[in-house]
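Notes follow the structure.
Numbering (the UniProt record's numbering), first residue to last: 1 to 279.
This is the structure:
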């Protein structure tokens, strides 16, 4: 803790305010330690991947070879940064169901958020949960924000999706995703004739409206697709991180699911993984 922060907190006269301030600063310091450890491990892995030996890294960094090995294999994994750093804010939409006076959250969104929260905490990330309110008014200009919401429930999210240079959401009886580059359209099996237990989902990192950062967003055409994205992230986050890092991108995920439970049985990329700086 910087001496200025320590002196400031130690000078607080009210003991309860001092306890609160010390607790908050300790939490922030722990997050900083976690992210520094993640960054250090990532750089060691990148240097080694470039052909630099651990002995050379150790010599240049002023550490022992054994310590470099230890750092590479312990601590928070670099791919956790795919989700963000520090404290993540994870937002899921409220919906108004027929015959229900109170707004509700779809059970699939609750399940997806819980599984994503578990994944994030496994990478040493803190998670704060919130809801996209009815009407879809959400502030996207915040760091480390993940939003599980489609264009139907939020005009703000619809506008964000429109900024994607590759994919567009089209409402023609049923929602579909279209790849502007290839002309390929992705239509849920639920909306096909005959119906099939297959859904498609959007996954991307898009520029915030203020241009000062990015927002990680995903949603299925139907709820099964949303669960499938989390399933893909859980199993393939290291590969996704290796391909796009923290750059802006978008892709379509194909999800096969159990028609009885809605649980994904297979999730994979259905489209290319487009890095937006390359489009």
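Yeah, the Cβ is synthetic: ideal placement off N, Cα and C, and Gly gets one too.
Comparing C-alpha distances from residue 45 to each of 23, 22, 153, 76 shows the shortest one belongs to 76. In this structure, the straight-line span from the alpha carbon of residue 73 to that of residue 154 is close to 42 angstroms.
Measuring C-alpha to C-alpha distances from residue 278 to each of 166, 199, 19 identifies 166 as the nearest. In the structure shown, residue 128 adopts extended strand secondary structure according to DSSP, grouped into three states. Counting only runs of 3 or more residues that sit fully inside the region 124–182, the beta strand (DSSP E) segments are 126–132, 145–148, 167–172, 174–179, in chain order. When only Cα atoms are considered, residue 116 and residue 222 end up about 18 angstroms apart. Classified as buried, residue 276 has 16 or more neighbouring CB atoms from the shown chains inside 10 Å of its CB.
If you ignore the 5 residues before and after residue 84, its C-beta comes within less than 6 angstroms of the C-beta of 144, all in its own chain and listed in chain order. With fewer than 16 neighbouring CB atoms inside 10 Å of its own CB, residue 163 falls in the exposed class.
Secondary structure at residue 263: coil, using DSSP grouped into helix, strand and coil. Exposure of residue 135 is indicated by the presence of fewer than 16 other C-beta atoms within 10 angstroms of its C-beta.
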